[in-house]
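Some notes on the structure that comes next.
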Ligand code: DX5
Ligand code: ZN
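Residue numbers (my numbering): 176 to 403.
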């Protein structure tokens, strides 16, 4: 699955930018990745719930909301109630991640947990039983256009093993520095869903960039669960 990040889109034309990657089913973007930043959890400020609500009306592509915010226990459920498909909170910011996952699911969304590059997975293995997606950050969160950190693929490999052996049931997402040069290594490690900002919206033809990324990932992936 490919999830273009609207962080790299033209903020004055978000509906058009969503349409530019929507495509037909199986060809266009699977999800649209929406980076919500609060200038506290990360040193950058983007958009919040009102913009997400407007986008939900403007596109039928499922929204994958990545909340880089303090106090997600207070704010995340609003995104699920609004209709976001997947709502991801940061493990470093959530006070009660298990309770939060339950609330997100009860509000009708999938629940996602994200870890920064330096955050180990081990303390969260029990917590992850309550989540539908794990978003492994492959750059420090806050900005697009940074270089991919290949060392995070160890976390991808270990969670992939746990999913393949039935110890966890979730979709593995990667975010940061994904492009034509890095997506194959991530696919080989076992990623299911690839977030890409500058590699999609920095391209002259974003829809074509989505197709090209998917082809590369498909060629390198030993896992086929996401091809359906
Ligand atoms: C960074 C964001 C990413 C960002 C990725 O904090 O979470 O989603 O948009 O951008 P690229 O693909 O340019 O690294
Ligand atoms: Zn993101």
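Note that the Cβ used here is the ideal one computed from N, Cα and C, for glycine as well.
If you run the structure through DSSP and keep just helix, strand and coil, what is residue i?
i, result
"residue 270", "coil"
"residue 285", "strand"
"residue 181", "helix"
"residue 337", "helix"
"residue 305", "helix"
"residue 353", "coil"
"residue 346", "strand"
"residue 290", "strand"
"residue 222", "coil"
"residue 371", "strand"
"residue 300", "coil"
"residue 205", "coil"
"residue 248", "helix"
"residue 264", "strand"
"residue 278", "helix"
"residue 311", "strand"
"residue 327", "helix"
Can you give me the Cβ contacts of residue i inside the same chain, cut-off strictly under 6 Å, excluding the 5 residues immediately before and after it?
i, result
"residue 305", "273, 276"
"residue 259", "238, 240, 284"
"residue 216", "243, 244, 245, 268"
"residue 390", "none"
"residue 402", "Here residue 402 scores only 45 on pLDDT, less than 50, and its place in the model should not be relied on; the value that follows carries that caveat. None."
"residue 224", "253"
"residue 376", "183, 184"
Exposed or buried, what is residue i when buried is set at 16 or more other beta-carbons lying within 10 Å of its beta-carbon?
i, result
"residue 396", "buried"
"residue 340", "exposed"
"residue 179", "buried"
"residue 374", "buried"
"residue 307", "buried"
"residue 199", "exposed"
"residue 218", "exposed"
"residue 192", "buried"
"residue 287", "buried"
"residue 220", "exposed"
"residue 185", "exposed"
"residue 394", "exposed"
Identify, in the order they occur along the chain, each residue of the same chain with its Cβ nearer than 7 Å to the Cβ of residue i, setting aside the five sequence neighbours on each side.
i, result
"residue 334", "296, 309, 343, 347"
Starting from residue i, trace the beta strand (DSSP E) in both directions and tell me its first and last residue.
i, result
"residue 236", "Here residue 236 belongs to no beta strand (DSSP E), and DSSP marks it neither H nor E."
Which same chain residues, not among the five before or five after residue i, have their C-beta less than 8 Å away from its C-beta?
i, result
"residue 142", "Shown here, the chain extends from 176 to 403; a query on residue 142 therefore has no answer."
"residue 235", "197"
"residue 314", "292, 321, 322, 323, 324, 350, 351, 352"
In the DSSP assignment, find the alpha helix (DSSP H) that holds residue i and state where it starts and stops.
i, result
"residue 244", "No alpha helix (DSSP H) contains residue 244, which DSSP labels as neither H nor E."
"residue 191", "189-197"
"residue 390", "381-395"
For the segment 287-301 and the segment 250-270, state whether three or more C-beta atom pairs, one from each stretch, are separated by less than 8 Å. Segment contact: the segment 287-301 against the segment 250-270, three or more CB-CB distances shorter than 8 Å; contact assigned.
For the segment 308-323 against the segment 344-361, are there 3 or more C-beta pairs whose distance is under 8 Å? The segment 308-323 makes contact with the segment 344-361: 3 or more CB pairs, one atom from each, lie closer than 8 Å.
Is the segment 277-284 touching the segment 223-236, taking contact as three or more C-beta pairs under 8 Å? No: the two stretches stay apart, fewer than three of their Cβ pairs being nearer than 8 Å.
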